[in-house]
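Counting in our numbering, the sequence shown runs from 7 upward without gaps. Cβ coordinates follow ideal geometry from the N, Cα and C atoms, glycine included.
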Amino acid sequence: MLKINLAVGLMLVFLALHAQADTQVNVVGLFSNKAVVTINGGAPRSLTSGQTVDGVKLVSANSESATFMVEGKRQVLKMGQAASVAGNAGPENNDPVSLYADSAGHFLGNLTINGATLKYLVDTGATTVALNSGDAKFAKIDYEKGEKALSSTANGLVTVYRVTLNTLKIGTIILNNVEAVVIEGGSPPVVLLGMSALNRLDMKRDNSIMTLTKKY
Numbered sequence: 007m008l009k010i011n012l013a014v015g016l017m018l019v020f021l022a023l024h025a026q027a028d029t030q031v032n033v034v035g036l037f038s039n040k041a042v043v044t045i046n047g048g049a050p051r052s053l054t055s056g057q058t059v060d061g062v063k064l065v066s067a068n069s070e071s072a073t074f075m076v077e078g079k080r081q082v083l084k085m086g087q088a089a090s091v092a093g094n095a096g097p098e099n100n101d102p103v104s105l106y107a108d109s110a111g112h113f114l115g116n117l118t119i120n121g122a123t124l125k126y127l128v129d130t131g132a133t134t135v136a137l138n139s140g141d142a143k144f145a146k147i148d149y150e151k152g153e154k155a156l157s158s159t160a161n162g163l164v165t166v167y168r169v170t171l172n173t174l175k176i177g178t179i180i181l182n183n184v185e186a187v188v189i190e191g192g193s194p195p196v197v198l199l200g201m202s203a204l205n206r207l208d209m210k211r212d213n214s215i216m217t218l219t220k221k222y
């Protein structure tokens with residue numbers, strides 16, 4: 007049986023994201039009139055109010071939240087929150103992507119599957135990438151044509167469909183033909199980035215920072 011970790015305690019509240027999002031902003035520090043952010047998985051950058059970097063403008067900030075204009079769209083983010091906003095996609099490269107742990111030590115963020123933006127959780131306990139049927143439909147995956155099976159999860163036996171994802175993108179890293187399973191229903195609440203994708207990446211962790219580098 008396929009082992010999929012669906013622990014409810016791993017859920018966090020994230021902002022709603024739009025399809026076709028390419029500019030990704032993650033808040034890692036908040037101060038008066040200043041915010042420390044990562045943009046598209048890059049190194050942390052310090053922005054002061056009114057400053058614009060890579061299409062991201064910090065409008066205002068305090069210790070509770072920061073207001074940005076990203077690709078011309080207003081976003082209000084709190085510490086540890088992220089947003090992805092539609093823009094022109096950059097070319098693929100082999101630059102490392104940095105992820106930052108939340109207060110519970112979990113690595114969450116935004117990825118795109120077949121061009122559709124979804125929230126994800128790094129889950130080394132999952133043997134494969136896993137997503138719920140609603141997210142699969144959003145990503146235009148015709149999962150019912152996949153191999154049907156039963157899987158044992160924390161919620162008991164569930165129906166799953168084995169599929170292949172044409173394109174999975176995390177920051178500047180693009181993976182093609184990634185094995186995944188689609189689970190009927192609303193669980194998991196976010197995409198579980200399991201080992202079928204992580205095995206193709208080098209993962210290095212330094213305290214609250216995880217760096218991903220594409221192997222193949």
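When DSSP states are grouped into helix, strand and coil, S71 belongs to the strand group. Each of V34, E185, A107 was checked against the Cα of S69, and the nearest Cα belongs to V34. Inclusion of V188 and Y149 in the CB contact set at 7 Å is warranted, their separation being smaller than that value.
The C-beta of G177 has 16 or more other C-beta atoms within 10 Å across all chains shown, which makes the residue buried.
Between the stretch 34 to 47 and the stretch 56 to 72, the count of C-beta pairs closer than 8 Å reaches three or more; the two stretches touch.
According to the DSSP secondary-structure assignment, Y106 is paired through a beta bridge with I215. Residue range 139 to 144 is occupied by the alpha helix (DSSP H) that includes G140, with no beta strand (DSSP E) assigned at that position. Our two residues, K175 and N116, have alpha carbons roughly 9 Å apart in a direct line.
Ranked by how close their Cα comes to the Cα of G140, the residues L124, G111, D208 have L124 in first place.
At a Cβ-Cβ threshold of 7 Å, I179 and V103 count as neighbours. DSSP, read as helix, strand or coil, puts A160 in coil. Counting of Cβ neighbours within 10 angstroms places G47 among the buried residues, the total reaching 16 or more. In the three-state DSSP reduction, A155 falls in the strand class (E or B).
Counting along the chain, the unbroken alpha helix (DSSP H) around A203 starts and ends at 201 to 204. Of the candidates G56, L181, N32, N32 places its Cα closest to the Cα of A49.
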